[in-house]
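Report on the following structure.
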Amino acid sequence: MARLTKDDWIKEGFKILSEFAQNKLRILYLCQRLKVTRGSFYHHFKSIEEYITALMETWQEDNTLKLIRHSNVSNDPNEKMQILTKEIAMSDQRVEAAIRSWSYYHPIVKQKLQKVDEIRVAFLQSVFEQLGFEKELAYKKGMIDYAILIGMQQLNPDLSPAEQQEFFELSYHPEK
46 MARLTKDDWI
56 KEGFKILSEF
66 AQNKLRILYL
76 CQRLKVTRGS
86 FYHHFKSIEE
96 YITALMETWQ
106 EDNTLKLIRH
116 SNVSNDPNEK
126 MQILTKEIAM
136 SDQRVEAAIR
146 SWSYYHPIVK
156 QKLQKVDEIR
166 VAFLQSVFEQ
176 LGFEKELAYK
186 KGMIDYAILI
196 GMQQLNPDLS
206 PAEQQEFFEL
216 SYHPEK
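Here our numbering is used: the first residue of the sequence shown is 46, the next is one more, and so on.
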């Protein structure tokens, strides 16, 4: 077997999260799944806490910052929202739901999730401000749209991308 990279370990962590098995994100279980020794894990990470931090930082980059960058290719706020909803629909909602539930009992995950929530709501607020809403109302509309997304992830993380897209489009109302 080829040598594992940090990325291989991170990908396996996301597979475990997509199975809603976040309580199994332990060094021994990861090693068993990847069929390697613990030495392989420690070659890349000093501790499980460092691994979880890397996992969460990768999630933040891939599922938040990249989506915002992709949405920002347009100056049109309506188009930004369309791009964003398509990008969200293509992401793994099971991982999103698992991370949110994991955050209730893991301090590293809780801290990273709070930061991601702030970034996401701030972006939505900025889009609504570009649409002409006052700052406070733009914030509230961003919170509502984000709450709808979280609710959909929790209620049915197995929706297909097409079904997710349909719900997201129904929830987005650019008019005042």
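Ideal Cβ positions, reconstructed from N, Cα and C, are used throughout, including at glycine.
| What three-state label does DSSP hand R139 in the structure shown? | helix
Starting from the C-beta of R145, find all residues in its chain whose C-beta is less than 8 Å away, skip the five residues before and the five after it, and write them out in chain order. L158, I195, Q198 and Q199
Quick check on K125: does DSSP put it in helix, strand or coil? helix
Quiz item: If you follow the alpha helix (DSSP H) that K185 is part of, which residue opens it and which one closes it?
Solution: K180 to L200
*Can you find a CB in chain C that lies within less than 8 Å of the CB of A99?*
The chain labelled as chain C is not found in the depicted structure, where only one protein chain is given.
Q: Consult DSSP for E64 and reduce its assignment to one of helix, strand or coil.
A: coil
Specify the secondary structure class of H115 as computed by DSSP and reduced to three states.
helix
Check whether the stretch 136-145 and the stretch 202-213 are in contact - that is, three or more C-beta pairs closer than 8 Å. yes
Exercise. Decide if the stretch 182-195 is in contact with the stretch 147-161; the criterion is three or more beta carbon pairs, one per stretch, under 8 Å apart.
Key: no
task = With D162 as the anchor, note down where its alpha helix (DSSP H) starts and where it stops.
result = P152 to Q175
Review point. In chain order, what residues of the same chain lie with their CB nearer than 7 Å to the CB of V81, ignoring the 5 residues before and after it?
Key: L49
Quiz item: Excluding sequence positions up to five away, which residues of its chain have a Cβ less than 8 Å from the Cβ of D53?
Solution: L79
Check: In whole angstroms, what separates the C-alpha of T103 from that of R83?
Finding: 22 Å
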